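Quick note: the sequence shown uses our numbering, first residue 876, plus one each step. Glycine included, each C-beta is placed from N, C-alpha and C at the ideal position. On a predicted model such as this, the values are computed, not experimentally measured, just so you know.
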Amino acid sequence: MLTILAWIVVIVFVLFLVGVLGEIFSCLIQLIIYGILFYIVYWAINYLTDDRLHHAISNVFT
């Protein structure tokens, strides 16, 4: 009886650990992907817009 309970506790604990680690891992992967996407978009905006466009936009908004 005791060994069955011990096995159940071990299995539940392992499943809990796997779930927590999986959540942390997926969050990290999402952060990395969003960081790369943000960097690409930021670089593209900086590359596509030059100073004249920035001056025109700032003149419109001020």
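Is DSSP giving Thr878 helix, strand or coil here?
For Thr878, the secondary structure class from DSSP, reduced to helix, strand or coil, is helix.
Write down every uninterrupted run of the alpha helix (DSSP H) in the stretch 880-937 whose length is 4 residues or greater and which is fully enclosed by it, in chain order.
Runs of the alpha helix (DSSP H) inside the stretch 880-937: 926-936.
Return the CA-CA distance between Asn934 and Val893, expressed in angstroms with no decimal places.
Near 55 Å, if we compare the C-alpha coordinates of Val893 and Asn934.
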